[in-house]
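Peer 1: Just dropping this structure here.
Chains as they are written, first to last, in this note's numbering: chain A, 5 to 374; chain B, 5 to 374; chain C, 5 to 374; chain D, 5 to 374.
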């Protein structure tokens, strides 16, 4: 496995997260070549230089196109605001780079389609940053389902809630403007959709509803009408008689990173909460009825790749570790390995299509085919 | 307060529960007259006599009409199968008796309307057995909302799940036949609806979806098509920009009596689970942010009428205690007191209308006005 | 089974609890004769009459000796302050009555010995009110242990905590005076000891420690020295290489009725908390390691006598229901049945001896033989 | 801040953990110089070379003394088995290196004293790997206590349990031999002691008890007597009327990394469990009594240094992140900053003294002064 030359665009929340993963992946995994952290890009030269030093990149630039044009670069991490994803990812793919792009693909479905087309024609890897599916707990749930432990799944419920829009007195911002998208649906529903894709593939039919907790938000010039929706609900149908609901809110006081999952099968039930993401709840109807109950499975080396991080069962992985697992998946995909992942062509565009179908269903008030 | 002469029709699950409550109410509350347990009715004379002795009733009969015709009877507990509710309740009300009828009112909306009409013209109390709303925890949630502790409520989610229909190999039964109703919607959704009514009044618009985990169930003569739905989902709109979802399943392995409630307001969040019904979860955004979190409030004498049962905080009430609280509410209503309750005329019929509206929405695939 | 004539002395917290049980036992169980509630005794005639009416007793008295002398009385519930237990119980036993006496037996070991002697020579039932052991969850833990599900038990930890003495500013009271006993050790440790007796019999050696959170408590005339201990710890050795610890506090803010139990065996672990007393936690090392975890078993009809109260799994019993189970045990013992129970002669005195041995160990600073 | 030249001895469980931290610390923190990973030492040359490549170290050796003698090395990570700590740490300190040594210091108290002496005379930093105290949750508990939020602490309980010795059929190993130490007391109790030191300083008096779940363990030649103890209990007295208990077991089925902490104060209570180490439970007696309860505080940027890892509240740190925080503390200490840490001279030796005092108390059966 050859060492990859890496460029990183963006150094905010997820940019730093990518940087941590690129620094950690070799030490944690061992079985890959140590990536060469070549070039870091930020909007200002100064910030770029400062962050390149902090993150261990050899060079800094404020010109992202110079990265795309640099023949030495193998892979580009794109962690800029969503509206830049399409232009950057397409340019990188067209230049023969592999791409690691944060989710979602793009605000408009047209852009997402163009990104997928670029990935398909390039033959390069275009990985999306759906890091939650990289969690050993999620993989274990997938294994439990695939092994038939809970029988045939017929019903799934996923909630995703945070509270960063819960304060009614928070001033009007771009987040509440139409231009930023539907609101909670774009922000959050893609995570449940990535999980559903991972476990069950794509939905065929959807219904939707979107609501506003607060009709207006304050501004210096008085209240301004909120243009999108902080809460959304979707019902989904999957092949094989699997039905699902997604309930999301970014105005749910006290919820910080909740993704509560319940998966009901003909022989048992799985439950999971991202706020305690090192635990899986499993009910199986076996053994004496008097001793049945939901069991809390603590992640451990029995649940790979947990053990690659620590041999101590119940010692817990963290949020940034999930990105390191995703980074290992990217390196593997580039080397031709089979890896659990959502890419532009495999799942990514389907998720975007589903989001827009839910929004249309919400606006029209009836079921919509994806 | 005069002593009430009580008759009980039915001695199954809820019949025994009524009997326990009638026996307990005076000892627990003290502030009422001890009810006189006059007549018990069961389908066979022998069983009626046996149960009358067990439950402390003075007389036994297998003829429920004799109870209605008995001028000494003040109040009739009706705990027979749902399809008998209408005939018995209307006869009792028309004969001037007060009625304590188990939920739901009746399988058909027409019958529910007739029951409500009978209650209205009789001027008698016609209490429905929605005992979960009598829980001190539910009352405390109502108080928290009414006091403005969590601000303006905008979103509510309620799940209700059990697993008595989860076994795909369980043979076909009346429960899966069309004649028994919609399935999970009738069985379960009325509980969430009773809670929503108690807290927010009646829904104005609903959407619905109903699904079948198992298309057929086994029978001696081979698989038979299931005619109703073990899972149901409803979306609801209430006046005042309150939106709610109800998700119910009677095929949810491992869930035994789950009613998981989440209530989101502009200043905080409430959560509750009927499987731990002596606890309320409350998040309020006050004090130092670093010390905020969901708190688990254990029911205690501060949450009436808990203290009437025991002065020990955190010592827990049980399922049957909720019926005793309801029994006290009934006695109070008969005596002209104000009591938290759902009767044929106050909430009961509205809940039935909402159930049927959800079913129609599910069949037609669009929103329906209640 | 003949109907018992019952007298009740005391109508406070536990007196009402006994009254509720005597009223409920026949309706709940069916398989006993309905008790005759004959005489209620309170310190004032007026209160006695009022409570007799409330609790359904035929007669009222302020003279407890008249109860003992009444040949019609079969059984006496004693729920007075602990210091009266010995005199009343011994008189009742000597008069040939069965006794149902609240725990603990008596503040002094001498009195407890005399009570046990009286019970032994009378041949009557002298049941102690250790109602927590009557919990279906406790019986289920006993069954799990007896069935060998968790293998050979080697270690047990029990904590019991409440917060009624946690307020440092609460004024000095009799509870902090030496005359009332050791403090937390008397108040609380008897509950863990009753559980240990039920599961493993009597301890042979103990160590102890007792501490004071607050050296003084306020009074109108200034701070007064606290004379006993609000926190206590005990280590215990049982035959068969079973070791246990008991940690109790009545100054533990936020704990309301916590009795947290952990039982470690060679094949698994049990955990339980009285604040959620309808649940048992069980870890068994069986099946695939990747799916092992503590499971939460919700009490259900599979855990008798739960199903006698309600056929609904996970619907929960309450504190008062445990007393009804104990009442049924009493009736059974009187009728010569085998019933799980702690009586003066079977466990009761052993628990008292153990309490005093722990106190001596705490004072002397070394292990003490019980 | 100058860049440190780092050597690492040992590449097992904790060796890899150190390596991950050394690789991550600059990217995560930014405010330090990137460490130079100079030399890695393992027992075999081949393994040393392989791990040096994996962990990003420039050179590999199988001769640890060459590291101590290398003038270019600034700091040595020591992650070898405990019995080598003294020799290596003293040599490194004597050679003027800073030392980062895994806990505990050494099996014998004499060695620990010599290590402390070496640290004292060297003037170098000799940090111990008590990484659990670096947890933002632990720091937050410290802040809550220091801010007086729960008032004056009077009682602390800590349990630490895992199950790697729980299998009675696991063959006899060095872990059960006397030479390896006391057993659970050495293995585990040092963690609770490190927490107690961090929060309250050193204990003055201790009592102890140590027990064996299994008297023998199997071997090819038949059962062999176990020589140390898989369970231990300690009671501790601290200045200021603080009392504590420590209960530890390495034979507790189902416990994987449990460190359950309860801290009782005059105004509130803290609780914490290492198996969910991103959460702190806090009860404070403030506001309306009816709304009081234990609150679950999810770690967030309000709890530093959490936010340095991720800006997402409730997104969770992992076990390895705690080591990165500790690594930052080490770099800070070397640069003369004040940092929360346990070193040979500050806490480290006191913890060792306490362990040996507990063992003596257990053997002699009475309280021992530390």
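Just so it is clear, CB atoms sit at the ideal spot from N, CA and C, and this is done for glycine as well.
Computed from a predicted model, the values in this text were never measured in an experiment.
Assign residue 364 of chain D to one of two classes, buried (16 or more other C-beta atoms within 10 Å of its C-beta) or exposed (fewer than that).
Peer 2: exposed
Peer 1: Per the DSSP calculation, residue 45 of chain C is bridged to which residue(s)?
Peer 2: C:13 and C:65
Peer 1: List, in order along the chain, the chain B residues whose C-beta lies closer than 7 Å to that of residue 321 of chain C?
Peer 2: 322
Peer 1: Less than 8 Å between CB atoms is the rule here; does residue 141 of chain C satisfy it with respect to chain D?
Peer 2: no
Peer 1: In whole angstroms, give me the CA-to-CA distance for residue 150 of chain B and residue 251 of chain B.
Peer 2: 25 Å
Peer 1: Between residue 72 of chain C and residue 99 of chain C, how many whole angstroms is the CB-CB distance? I'm expecting something under 8 Å.
Peer 2: 5 Å
Peer 1: List the whole-angstrom C-beta distance separating residue 239 of chain B from residue 237 of chain A, where the pair is believed to meet the contact cut-off of C-beta under 8 Å.
Peer 2: Residue 239 of chain B to residue 237 of chain A, Cβ: 6 Å. Contact.
Peer 1: Between the stretch 291–325 of chain C and chain A, which residues of the former have a C-beta closer than 9 Å to a C-beta of the latter?
Peer 2: 291, 292, 293, 294, 295, 296, 297, 298, 299, 300, 301, 302, 304, 306 and 307
Peer 1: Between the C-alpha atoms of residue 278 of chain B and residue 168 of chain B, what's the straight-line distance to the nearest angstrom?
Peer 2: 17 Å
Peer 1: Can you tell me which residues form a DSSP beta bridge with residue 372 of chain C?
Peer 2: C:210
Peer 1: Which chain B residues sit within Cβ distance under 7 Å of residue 158 of chain A?
Peer 2: Against chain B, a Cβ distance below 7 Å from residue 158 of chain A picks out 217.
Peer 1: If I'm right that residue 187 of chain C touches residue 233 of chain C with Cβ under 8 Å, what's the distance once you round it to whole angstroms?
Peer 2: 4 Å
Peer 1: Given a limit of 9 Å on CB to CB distance, which residues of the stretch 262–291 of chain A reach chain C?
Peer 2: 283, 284, 285, 286, 287, 288, 290 and 291
Peer 1: To the nearest whole angstrom, what separates the beta carbons of residue 12 of chain D and residue 22 of chain D, a pair I think is in contact under 8 Å?
Peer 2: Contact between residue 12 of chain D and residue 22 of chain D holds, since their C-beta atoms are separated by about 6 Å, short of 8 Å.
Peer 1: If we require 3 or more residues per run, which beta strand (DSSP E) segments fall completely within the stretch 210–262 of chain A?
Peer 2: 235–242 and 246–253
Peer 1: With DSSP as the reference, label residue 184 of chain D as helix, strand or coil.
Peer 2: helix
Peer 1: Taking only beta-carbon atoms, is residue 32 of chain A less than 8 Å away from chain D?
Peer 2: yes
Peer 1: Counting along the chain, where does the beta strand (DSSP E) carrying residue 161 of chain D start and finish?
Peer 2: 157–165
Peer 1: Buried or exposed: which applies to residue 266 of chain D, given that a residue is buried once 16 or more other Cβ atoms fall within 10 Å of its Cβ?
Peer 2: It is buried - the Cβ of residue 266 of chain D has at least 16 other Cβ atoms within 10 Å.
Peer 1: Would residue 172 of chain C pass as an interface residue toward chain D - the criterion being a Cβ-Cβ separation below 8 Å?
Peer 2: yes
Peer 1: Candidates A:373, A:307, A:318 and A:109: which alpha carbon is nearest residue 144 of chain A's?
Peer 2: A:307
Peer 1: Using the three-state DSSP reduction, which class does residue 195 of chain C fall into: helix, strand or coil?
Peer 2: helix
Peer 1: What are the start and end residues of the beta strand (DSSP E) that includes residue 79 of chain B?
Peer 2: 79–82
Peer 1: Does chain B have any CB closer than 8 Å to the CB of residue 206 of chain C?
Peer 2: no
Peer 1: Can you tell which of A:164, A:325 and A:152 has the C-alpha that lies nearest to the C-alpha of residue 270 of chain A?
Peer 2: A:152
Peer 1: Taking 8 Å as the cut-off, decide whether the C-beta atoms of residue 337 of chain B and residue 132 of chain B are in contact.
Peer 2: no
Peer 1: When you compare the CB positions of residue 221 of chain A and residue 183 of chain A, do they come within less than 8 Å of one another, or not?
Peer 2: no
Peer 1: Measuring only the C-alpha atoms, how far is residue 194 of chain B from residue 362 of chain B?
Peer 2: 11 Å
Peer 1: Just how far apart, CA to CA, sit residue 57 of chain B and residue 350 of chain B?
Peer 2: 35 Å
Peer 1: Would you decide whether residue 345 of chain C is buried or exposed? Buried here means 16 or more other CB atoms lie within 10 Å of its CB.
Peer 2: buried
Peer 1: For the alpha helix (DSSP H) containing residue 8 of chain B, name the first residue and the last one.
Peer 2: No alpha helix (DSSP H) contains residue 8 of chain B, which DSSP labels as neither H nor E.
Peer 1: Expressed to the nearest angstrom, what Euclidean distance is found between the alpha-carbon atoms of residue 257 of chain C and residue 20 of chain B?
Peer 2: 39 Å
Peer 1: Assuming residue 346 of chain B is part of the beta strand (DSSP E), what are its boundary residues?
Peer 2: Secondary structure note for residue 346 of chain B: it is in no beta strand (DSSP E), with a DSSP letter that is neither H nor E.
Peer 1: Against residue 188 of chain D, what residues of chain A qualify as contacts under a CB-to-CB distance less than 8 Å, listed in chain order?
Peer 2: Here the premise fails: no neighbours, minimum Cβ distance about 16 Å.
Peer 1: Look at the alpha carbon of residue 311 of chain B and the alpha carbon of residue 181 of chain B, and state the distance between them as a whole number of angstroms.
Peer 2: 44 Å
Peer 1: If I measure Cβ to Cβ from residue 359 of chain B and keep anything under 8 Å in the same chain, skipping five residues before and after, which residues do I get?
Peer 2: Excluding its 5 nearest sequence neighbours in each direction, residue 359 of chain B has C-beta neighbours in its own chain below 8 Å: 108, 186, 189, 190, 193, 194 and 197, listed in chain order.
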